[in-house]
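Novice: Residue numbers (my numbering): 10 to 126.
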Ligand SMILES: [Zn+2]
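(1) Return the CA-CA distance between residue 26 and residue 60, expressed in angstroms with no decimal places.
(2) Helix, strand or coil, according to DSSP, for residue 34 in the structure here?
(3) Please find out if some non-hydrogen atom of ligand 1 comes closer than 7 Å to the beta-carbon of residue 77.
(4) Flag residue 80 as yes when its Cβ comes closer than 7 Å to any non-hydrogen atom of ligand 1, and as no otherwise.
(5) Using the Cβ count rule (16 or more neighbours within 10 Å means buried), how would you classify residue 16?
(6) Under DSSP, the alpha helix (DSSP H) around residue 108 begins and ends at which residues?
(7) What does the Cβ neighbour count give for residue 47, buried or exposed, with the cut at 16 atoms within 10 Å?
(8) Please tell me whether, using a cut-off of 7 Å, the distance from the CB of residue 88 to the nearest non-hydrogen atom of ligand 1 is below it.
(9) Residue 87: buried (16+ other C-beta within 10 angstroms of its C-beta) or exposed?
(10) When DSSP builds the beta bridges, which residues end up paired with residue 82?
(11) Closer than 6 Å by C-beta to residue 83: which residues in its own chain qualify, once you throw out the five before and the five after it? Chain order, please.
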């Protein structure tokens, strides 16, 4: 993906109208299709910039194998954190269902509770 500054420079040159799309493409070493897409508004004015070292999004260490899921990730593993979060949500939904007065779910859980008591 192109850097944001380059995309904005292309947009500026296109709107300036002094150079043809072909000339802009040759000057900035970008494909004519990209220039055309920016000129027609088919491509947004976004880009991807390399993360600087002080960015909170920059990984602190090289990717490593997660001990839980086995994926090669930047630790802490977001996959495992997301799975744990979803598990907690499912548990909350289940607890809410057992605490509600709906007879179908409560009877199911009350049966288990009576058995263990
Ligand atoms: Zn993991």
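We treat Cβ as the ideally placed atom computed from N, Cα and C, and that holds for glycine.
Specialist: So, to answer that:
(1) 32 Å
(2) helix
(3) yes
(4) yes
(5) Under this definition residue 16 is a buried residue.
(6) From DSSP, the alpha helix (DSSP H) with residue 108 extends over 87-108.
(7) buried
(8) yes
(9) The Cβ neighbour count for residue 87, taken over all protein chains shown within 10 Å, is under 16; the residue is labelled exposed.
(10) 73
(11) 68, 72
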